[in-house]
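A.B. asks: Okay, here's the structure, questions in a sec.
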Amino acid sequence: MNYENIIVATHGKVGLITLHRPEVLNALNDGLIDDLGAALRLFEADENIGCIVVTGSEKAFAAGADIAAMVNWDYMEVYKTNFITRNWDCIAQCRKPVIAAVAGFALGGGCELAMTCDMIYAADTAKFGQPEVKLGILPGAGGTQRLPRAVGKAKAMDLCLSARLMDAEEAERCGLVARIIPAAKLLEETLAAAATIANFSLPMLMMIKESVNRAWESSLHEGLLFERRTIHAAFAMDDRKEGMAAFLQKRKPVFKNR
Ligand code: HXC
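For the sequence shown, the numbering used here assigns the number 1058 to the initial residue and increments by one for each residue that follows.
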């Protein structure tokens, strides 16, 4: 499939999507998000893909929603087209693990898009921020909701109200970022980590993702109940039997995704 705004590749069991609007630092418009959604759906449907990586360029993961595209929109237009909800949830809806590999700027909608991934691996050059207030608007693709859940209210308020940027070290310290990787090795190391993940049992990866997400979206009581139901269900899986048998037989497991 040909895309205008992204580049798609596969590395073994890992699907790689590179945001590609270099002239505007990967500013996010409907075309790019539609391309991203289409590529994700194909990877989702592809039984050979176990993990997906979304990345940008050396200079920018994405510098936010496309300001030039938005400048003349009015209320009725964004309401009727269901701006954001219509297509921005494509990563959050993906059931397979998705890693954001972020170098350079991840600002506004770029930071929000990275946060819809299951985890963020950041180059040491990464800069995160929600500078929308400078444009007279607010983070509207999850920034005021996912950021406080990830980093706590104090830092989320600071970033959203002051528009300051946060470097990779601070982002890791406060829990936004899972790992920091030297910029020159970001893609290589992220793909290697993604390959490790992709070799596990896919339905189990999906169950783990669903269960961890419950920790964000429900009370502890509800989350623990969901987790318990899920681990009970895992005992019906061939891959669970295979994983435990392989350990006891001192061999590598062969997962069959069932
Ligand atoms: C459209 C953008 C853009 C954006 C950069 N460009 N960000 N175009 N939308 N979000 C364009 C610039 O206009 C410029 O085009 C080219 O990309 C290179 O950018 P420069 O500014 O020249 O680069 P630099 O000086 O290195 O500064 C990088 C930067 C700056 C700090 C990232 O570009 C910047 O502040 N960008 C905007 C960041 C921002 O406010 N993001 C939030 C957007 S609102 P030309 O033609 O001049 O070469 C948002 C709302 C989300 O995300 C809520 C709903 C989804």
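Using N, Cα and C, we set each Cβ at its ideal position, and we do this for glycine too.
Everything numeric in this text was worked out from a predicted model, so none of it was measured.
Report whether the distance from the Cβ of G1165 to the nearest heavy atom of ligand 1 is below 7 Å.
C.D. replies: yes
A.B. asks: Classify G1178: buried if its beta carbon has 16 or more other beta carbons within 10 angstroms, exposed otherwise.
C.D. replies: Before going further, note that residue 1178 is Tyr rather than Gly in the sequence given. With 16 or more Cβ atoms within 10 Å of its Cβ, Y1178 is classed as buried.
A.B. asks: Would you tell me roughly how many angstroms separate the C-alpha atoms of C1108 and D1146, rounded to the nearest one?
C.D. replies: 18 Å
A.B. asks: Following the continuous beta strand (DSSP E) through F1100, name the residue where it begins and the one where it ends.
C.D. replies: Taken as a continuous stretch (DSSP letters only), F1100 belongs to no beta strand (DSSP E), being part of the alpha helix (DSSP H) at D1087 to A1102.
A.B. asks: So is the beta-carbon of I1177 under 7 Å away from any non-hydrogen atom of ligand 1?
C.D. replies: No, since every heavy atom of ligand 1 falls outside the 7 Å radius drawn around the Cβ of I1177.
A.B. asks: Helix, strand or coil for G1200 per DSSP?
C.D. replies: helix
A.B. asks: Does the segment 1154 to 1173 touch the segment 1077 to 1090, meaning 3 or more C-beta pairs lie closer than 8 Å?
C.D. replies: Contact holds: three or more Cβ-Cβ distances are below 8 Å.
A.B. asks: Which residue marks the beginning of the alpha helix (DSSP H) containing Y1132, and which one marks its end?
C.D. replies: Y1132 to K1137
A.B. asks: Contact between the segment 1238 to 1251 and the segment 1090 to 1103 is defined here as three or more beta-carbon pairs at a separation below 8 Å; is this criterion met?
C.D. replies: no
A.B. asks: Residues in the same chain with beta-carbon distance under 8 Å from L1296, minus the five sequence neighbours each way, listed in chain order, please.
C.D. replies: First, the amino acid is wrong: residue 1296 is Asp here, not Leu. Within the same chain, D1296 has close Cβ partners S1258, P1260, M1261, P1310, F1312, K1313, N1314 and R1315.
A.B. asks: Would you mind giving the Cβ-Cβ distance between V1111 and A1157, rounded to the nearest angstrom? I have them listed as a contact below 8 Å.
C.D. replies: 5 Å
A.B. asks: Mapping DSSP to helix, strand and coil, what is I1254?
C.D. replies: helix
A.B. asks: Would you check if the segment 1271 to 1281 and the segment 1215 to 1228 touch, i.e. whether three or more CB-CB distances between them fall below 8 Å?
C.D. replies: no
A.B. asks: Between the C-alpha atoms of V1159 and G1300, what's the straight-line distance to the nearest angstrom?
C.D. replies: Cα to Cα, V1159 sits roughly 33 Å from G1300.
A.B. asks: Rounded to whole angstroms, what's the CA-CA distance from I1063 to F1118? Just pull it up for me.
C.D. replies: 12 Å
A.B. asks: Any idea if A1102 is buried or exposed, counting beta-carbon neighbours within 10 angstroms, 16 or more meaning buried?
C.D. replies: exposed
A.B. asks: Opposite F1185 in the DSSP bridges: which residues?
C.D. replies: A1163 and M1223
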